[in-house]
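S.K.: Numbering (UniProt numbering), first residue to last: 1 to 167.
C-beta: ideal position from N, C-alpha, C; glycine also.
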Amino acid sequence: MAEIPLDKIDRKILAILQADGRLTNQEVAERVNLSPSPCLRRIKRLEESGVIRKYVALLEPAKIGLGLLAYVNVRLEKHNDLPGKSGSRSPRDDFSASVGQWPEVVACYAMTGEMDYLLRVHVEDMNHFSRFMMETLLRHPSVLDVKSSFALQQIKETTAMPVSGTA
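#1: According to the neighbour-count rule (16 or more other Cβ atoms, all chains shown, within 10 Å of its Cβ), is Lys-12 buried or exposed?
#2: Quick check: the Cα distance between Val-74 and Tyr-117, rounded to an integer number of angstroms?
#3: Kindly indicate which three-state DSSP category Lys-85 falls into: helix, strand or coil?
#4: Please list the segments of the beta strand (DSSP E) lying wholly inside the stretch 26-110, counting only runs of 3 or more residues, in order along the chain.
#5: Closer than 8 Å by C-beta to Ala-167: which residues in its own chain qualify, once you throw out the five before and the five after it? Chain order, please.
#6: Classify Ala-19 as buried or exposed, calling it buried when 16 or more other Cβ atoms lie within 10 Å of its own Cβ.
#7: Just to confirm, are His-122 and Glu-135 a CB contact at a threshold of 8 Å?
#8: Identify whether Lys-156 lies in helix, strand or coil by the three-state DSSP scheme.
#9: Hey, could you find the ends of the beta strand (DSSP E) Asp-145 is sitting in?
#10: When the Cα atoms are used, what is the spatial distance from Ser-98 to Arg-139?
#11: Taking just the CA atoms, how far does Ile-16 sit from Met-161?
#12: Would Ala-2 and Leu-69 qualify as a contact pair, given that the criterion is a beta-carbon distance under 8 Å?
#13: Going by the CB atoms, is the gap between Leu-66 and Arg-92 shorter than 8 Å?
#14: Under the three-state reduction of DSSP, which class applies to His-128: helix, strand or coil?
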């Protein structure tokens, strides 16, 4: 995917919207010293080009009953990404499709190194995590090995991308 050129004003708009996506166009325009029309054109261009993917409400997991955060490394059987003899999907494709259906998994990354995937899993408690592991993840036919780590304390978490730069 091609990178689109961003000037200082674009970067400032992005930083402002990352801090508070509910600001009106008028408020953003005032903060970047533009009139509303050119500011809105810039925001629309950033949205249409995919720089701004979407706007969301960020929830506090513990306040909605999801007090346990786990990171789970997953290793699959056979790295062979070719379909099976019967034309079925590869283990990677099958696992990727399954992960998309598991609400406990809020992020999944294909990884380099010893393990194939890293999952970020939010659950209510250790009982919920145990059920997820035993009834869902470990029952997946492609899963060979898992290693779990639990977050003890949140030091930093942000959804904001570093947009400062020379432009």
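M.R.: Straight from the coordinates:
#1: Reading the sequence shown from its first residue, position 12 is the one you call residue 12. Buried: at least 16 other Cβ atoms inside 10 Å.
#2: Translated into the one-based positions of the sequence shown, residue 74 becomes position 74. Translated into the one-based positions of the sequence shown, residue 117 becomes position 117. One C-alpha to the other measures close to 5 Å.
#3: Against the sequence shown, residue 85 aligns to sequence position 85. For Lys-85, the pLDDT reaches just 49, beneath the cut-off of 50, and the residue's location in the model is therefore unreliable, although a value from the coordinates is still provided. Lys-85 falls in the coil class under three-state DSSP.
#4: 68-76 and 105-110
#5: As a working note, residue 167 is residue 167 in the sequence shown. A caution first: Ala-167 carries a pLDDT of 46, below 50, which makes its placement in the model too unreliable to give a value.
#6: For the purposes of this step, residue 19 is identified with residue 19 of the sequence shown, where counting begins at 1. Looking at its Cβ environment, which holds fewer than 16 other Cβ atoms inside 10 Å, Ala-19 is exposed.
#7: Counted from its first residue, the sequence shown places residue 122 at position 122. Counted from its first residue, the sequence shown places residue 135 at position 135. Against a cut-off of 8 Å, the Cβ pair of Glu-135 and His-122 comes out as no contact.
#8: Position 156 of the sequence shown, counted from the start, is the residue given in the question as residue 156. If DSSP states are grouped into helix, strand and coil, Lys-156 belongs with coil.
#9: Stepping through the sequence shown from its first residue, residue 145 is reached at position 145. Counting along the chain, the beta strand (DSSP E) containing Asp-145 begins and ends at 143-150.
#10: On the sequence shown, position 98 is the one that residue 98 refers to. On the sequence shown, position 139 is the one that residue 139 refers to. One C-alpha to the other measures close to 11 Å.
#11: Against the sequence shown, residue 161 aligns to sequence position 161. Against the sequence shown, residue 16 aligns to sequence position 16. Distance between the alpha carbons of Met-161 and Ile-16: 11 Å.
#12: Position 2 of the sequence shown, counting from 1, holds the residue named residue 2. Position 69 of the sequence shown, counting from 1, holds the residue named residue 69. Result no, Cβ atoms of Ala-2 and Leu-69 do not sit closer than 8 Å.
#13: Locating residue 92 in the sequence shown gives position 92, counting from the first residue. Locating residue 66 in the sequence shown gives position 66, counting from the first residue. No.
#14: On the sequence shown, residue 128 is found 128 positions in, with the first residue counted as 1. Of the three classes helix, strand and coil, the one that applies to His-128 here is helix, per DSSP.
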